[in-house]
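Take a look at the structure set out below.
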Amino acid sequence: MASPLEHLGKTWLNASGFKSHFVDTPAGQVHYFEAAGEDPTLPTLVALHGLSSGAMPLGPVLKTLKAHYGRIIAPDMPGHGFSASPDALNIDRIYEAMVALFEEVLEGQALFFGHSLGGAVSLRVALERAEMVRGLILLSPAGAPTPVHAHERWMERFQMVDQAAAHAFVKALYVETPAFLPMVAWTCRRLFRRPSVRQILATTRRDRVLRPGDLESLAMPIRFIWGGSERTLLSAHRDFFLAHLPPHAEVLTPQHFTHCPYLEYPEQVAAFVAGFASEARAFRRVEAA
2 MASPLEHLGK TWLNASGFKS HFVDTPAGQV HYFEAAGEDP TLPTLVALHG LSSGAMPLGP
62 VLKTLKAHYG RIIAPDMPGH GFSASPDALN IDRIYEAMVA LFEEVLEGQA LFFGHSLGGA
122 VSLRVALERA EMVRGLILLS PAGAPTPVHA HERWMERFQM VDQAAAHAFV KALYVETPAF
182 LPMVAWTCRR LFRRPSVRQI LATTRRDRVL RPGDLESLAM PIRFIWGGSE RTLLSAHRDF
242 FLAHLPPHAE VLTPQHFTHC PYLEYPEQVA AFVAGFASEA RAFRRVEAA
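Written out as structure tokens, the structure reads:
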């Protein structure tokens with residue numbers, strides 16, 4: 002069930018020109034925001050959020066991007082925002098629901114902007130349904146393998162067993178600790194304790210991750226963004242991507258970006274996403290292998 006804050010954000014996005022729609026998928030109804038850009042000849046952008054979040058927190062970024070894309074589609078993935086929360090939710094069901102949505106609403110290829118979990122889903126779409134993907138913009142994407150010795154301890158971060166753990170988790174998302182930290186930490190802990198999010202975390206397995214050959218096979222334009230202040234994902238995750246992304250991938254490492262830079266620097270995140278669309282190579286149609 003969406004929170005009062007999410008309802009408020011939805012009202013703001015609706016007033017900013019983003020209409021709300023629902024599509025039936027194998028994981029239940031999926032809600033998505035859609036807006037027409039200022040120039041319909043520009044490409045479509047699909048924006049996919051991270052774990053426990055939703056499309057709404059990306060709102061300030063998406064509003065800026067209307068000037069740079071012909072159409073913007075921003076779903077709430079299953080178990081998030083205003084979408085259904087089915088039983089036994091896992092990454093596979095999220096992916097199947099997203100593909101069903103894209104089959105329904107996309108007209109040709111789109112540029113995919115994926116953050117964290119949304120980056121992992123975007124990569125899977127690019128690997129398995131490449132005919133949908135014109136290019137990838139990956140912001141601190143999930144999906145890289147975790148070293149055996151670090152996996153259990155890393156997963157404990159997301160449990161937030163008490164308020165102190167929630168404070169530490171949220172501090173890692175900001176460069177400057179927010180004055181409203183107690184409220185944000187309480188909200189973050191509440192989001193991560195939702196049954197849908199707990200199910201996703203519980204079914205995260207080390208053997209269901211990207212392989213080196215997966216990344217190396219990607220033919221479409223790629224912009225990879227990983228902040229120098231990333232403290233939520235591990236350096237091992239970053240190193241995997243850097244070692245195996247194809248040579249044509251563009252790598253950006255803003256030193257002040259944390260895992261969720263859109264919380265503090267929405268204009269800068271929007272500039273990276275807009276800049277990718279303006280490059281001629283991103284407009285070239287990519288044929289599926």
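The numbering of the sequence shown is this note's numbering, which starts it at 2 and goes up by one. Positions of the beta carbon are idealized from the N, C-alpha and C atoms, including for glycine. In this text, all values refer to a predicted model and were calculated from it rather than measured experimentally.
- CA-to-CA, the gap between A237 and H245 works out to about 12 angstroms.
- Within the segment 198–260, the beta strand (DSSP E) runs of at least 3 residues that lie entirely inside it are, in chain order, 223–226 and 251–253.
- Under the 8 angstroms Cβ criterion, the segment 182–190 does not count as touching the segment 215–231, having fewer than three qualifying pairs.
- The beta carbon of E39 is closer than 8 angstroms to those of K67 and A68 in its chain, skipping five residues each way along the sequence.
- With 16 or more other Cβ atoms from the protein chains shown falling within 10 Å of its own Cβ, L102 counts as buried.
- Following the DSSP letters along the chain, one finds A271 inside the alpha helix (DSSP H) bounded by residues P267 to S279.
- When beta bridges are read from the DSSP output, L6 appears opposite no residue.
- In the structure shown, the three-state DSSP call for V31 is strand.
- When the Cα atoms are used, Q160 and P41 turn out to be separated by approximately 43 angstroms.
- Look at F23 here: in three-state DSSP terms it is strand.
- Nearest Cα to K64 within the set E268, P247, T254 and F273: E268.
- Distance check between D77 and each of V149, L112 and A3 places A3 closest, using alpha-carbon atoms only.
- In the structure shown, A111 adopts extended strand secondary structure according to DSSP, grouped into three states.
- G136 is bridged by DSSP to L112.
- By the neighbour-count definition (other C-beta atoms within 10 Å, threshold 16), M184 is an exposed residue.
- In the DSSP assignment, L49 falls outside any alpha helix (DSSP H) and lies within the beta strand (DSSP E) extending over T45 to L49.
- The Cβ-Cβ distance between L139 and F225 falls below 7 angstroms.
- The residue from R194, P79, V126 and H152 with its alpha-carbon nearest to that of A167 is R194.
- DSSP places P58 within a helical segment (H, G or I) once states are collapsed to three.
- When only Cα atoms are considered, H150 and L124 end up about 26 angstroms apart.
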